[in-house]
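Accompanying notes for the structure given below.
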Amino acid sequence: MSGAAIEVEGLGRTFKVRGGDVVALKDVNLTVGQGEIVGLLGSNGAGKTTLTKILATLLLPTGGTARVLGHDVTSDLREVRRLTGVVLGGERGLYAKLTGRENLRFFAVLAGVGRRGLVDRLEAALDHVGLADVADRAVETYSKGMRQRLHLAIGMINEPPVLLLDEPTVGLDPVEAERLRQDVAVLRSRGTSVLLTSHLLLDIERLADRVVILADGEVAADVEVAEFAKLAGYTAIVTVRGTGCPPVLDGAQASRFAVDDLTEASGLWTLRLRVRDWSVESFGHLGAVLGGATILGVDVAPLRLEDVYSHVAAQLAANGRTGVGEVRP
Ligand SMILES: Nc1ncnc2c1ncn2[C@@H]1O[C@H](COP(=O)(O)OP(=O)(O)OP(=O)(O)O)[C@@H](O)[C@H]1O
Numbered sequence: 001m002s003g004a005a006i007e008v009e010g011l012g013r014t015f016k017v018r019g020g021d022v023v024a025l026k027d028v029n030l031t032v033g034q035g036e037i038v039g040l041l042g043s044n045g046a047g048k049t050t051l052t053k054i055l056a057t058l059l060l061p062t063g064g065t066a067r068v069l070g071h072d073v074t075s076d077l078r079e080v081r082r083l084t085g086v087v088l089g090g091e092r093g094l095y096a097k098l099t100g101r102e103n104l105r106f107f108a109v110l111a112g113v114g115r116r117g118l119v120d121r122l123e124a125a126l127d128h129v130g131l132a133d134v135a136d137r138a139v140e141t142y143s144k145g146m147r148q149r150l151h152l153a154i155g156m157i158n159e160p161p162v163l164l165l166d167e168p169t170v171g172l173d174p175v176e177a178e179r180l181r182q183d184v185a186v187l188r189s190r191g192t193s194v195l196l197t198s199h200l201l202l203d204i205e206r207l208a209d210r211v212v213i214l215a216d217g218e219v220a221a222d223v224e225v226a227e228f229a230k231l232a233g234y235t236a237i238v239t240v241r242g243t244g245c246p247p248v249l250d251g252a253q254a255s256r257f258a259v260d261d262l263t264e265a266s267g268l269w270t271l272r273l274r275v276r277d278w279s280v281e282s283f284g285h286l287g288a289v290l291g292g293a294t295i296l297g298v299d300v301a302p303l304r305l306e307d308v309y310s311h312v313a314a315q316l317a318a319n320g321r322t323g324v325g326e327v328r329p
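Number 56 in the UniProt record's numbering belongs to position 56 of the sequence shown; there are no gaps in the numbering.
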């Protein structure tokens, strides 16, 4: 049996639609090692959900192969399902009138969890995701975060060695999102292999070991998360508006900031820059740059992954590679 948790080679998926074909996946190659968490990124429509659904045996590929712990997703469905937990999240798939515990029991039986030990499994999973206290309430009374945690409990109820998480923190407030990240981090410590789709840099930085970026149906980059962060290079976008002396940026500052834009009109200027890190030195440099100006407003926005995909992919392409860990057919 193969040593990898997930192995995808030359994977393709074309959808037939009226007026032509939609190529969601063209030629995808990637591996997830056992016990590894790989972040799957890509802009809207890049094919992340399609790939996740193929690995979850919810969708057939139209080309190439995909294996979970050595089992082919098209010819060995039963084993793949036994070994894989899936959390597609959102509002889908839960029975609103049933309680959290009833939902979990239903999906546990579907996942093949036997009667013996079922109650213990349910309690352990509810406890793990912090829903034990509300387990007997109807799901329709749950917050988004509670529903998402229930999805996670369902995905892990049969303690699968491989877990597919599609946007687990989408729509959650920061506290709920952090709670869910902690739940996933515990799974990592248990050695679960995870393919994690997210649009949030924080999810990826906190959880993933490696990052795979999908673009145009192919893997555009496959790098360690530390290298990804280095290539992405920035943590936040800062917009400063002021009057008086416009900022003067020299080469020394370039190592800390990248200026996206500096506009001036009627004595008012707006500076938009990307900040590499939030060290005291960075604040000092920003202060020096803004010197004699009068500051009217400062806006800080965390960098979104969408802001760095093309940047990272372009840098890797310039180096003539897509990154480490790539599998070429
Ligand atoms: N059932 C379908 N029929 C036709 N086209 C589809 C179908 N499912 C997906 N597609 C198309 O395949 C492409 C990839 O879609 P997919 O949902 O996998 O992207 P994604 O990366 O998950 O996007 P998002 O970040 O928006 O969720 C898109 O162009 C989409 O419109």
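The beta carbon of each residue, even a glycine, is placed where N, CA and C say it ideally should be.
query: Can you list, in chain order, the residues of its chain whose CB lies under 6 angstroms from that of Glu79, leaving out five sequence neighbours each side?
result: His71
message: Checking the sheet assignment: what are the DSSP bridge partners for Ala4?
response: Gly33
message: Is it buried or exposed, Phe257, if we count other Cβ atoms within 10 angstroms and call 16 or more buried?
response: buried
- request: Go ahead and pull the three-state DSSP assignment for Ser193.
  value: strand
field: Residues bridged to Ile54 [DSSP beta-bridge criterion]
entry: DSSP lists no partner for Ile54.
message: For Ile37 and Val17, what's the separation of their Cα atoms in angstroms?
response: 34 angstroms
- prompt: Given Met156, which residues of its chain have a CB within under 7 angstroms of its CB, disregarding the five upstream and five downstream residues?
  reply: Gly85, Ala125, Leu163 and Leu187
message: Check whether the segment 231-240 and the segment 268-280 are in contact - that is, three or more C-beta pairs closer than 8 angstroms.
response: yes
DSSP state of Thr14 mapped onto helix, strand, coil: strand
- prompt: Where does Arg256 sit, in a helix, a strand or coil, going by DSSP?
  reply: coil
field: Cα-Cα separation, Ala153 to Leu118
entry: 13 angstroms
query: Start and end of the beta strand (DSSP E) containing Val73?
result: Looking at the DSSP string, Val73 is not in any beta strand (DSSP E), and its letter there is neither H nor E.
task: Measure the C-alpha to C-alpha separation of Glu167 and Gly291 and round it to an integer number of angstroms.
output: 42 angstroms
- request: Under the assumption that His151 contacts Val73 (Cβ atoms under 8 angstroms), give the Cβ distance between them as a whole number of angstroms.
  value: Not a contact, Cβ separation roughly 21 angstroms.
message: Any heavy atom of ligand 1 inside 7 angstroms of the beta-carbon of Thr31?
response: no
message: Can you look up Arg210 in the DSSP assignment and give me helix, strand or coil?
response: strand
- prompt: Quick one: does the C-beta of Phe106 sit closer than 7 angstroms to a heavy atom of ligand 1?
  reply: no
query: Hey, out of Gly12, Gly3, His128 and Ala108, whose CA is closest to Val68's CA?
result: Gly3
Buried versus exposed call for Phe15 [16 or more other C-beta atoms within 10 Å across all chains shown]: exposed
message: Using a 10 Å radius around the Cβ and a threshold of 16 neighbouring Cβ atoms, would you call Leu104 buried or exposed?
response: buried
query: Counting along the chain, where does the beta strand (DSSP E) carrying Asp222 start and finish?
result: Glu218 to Glu224
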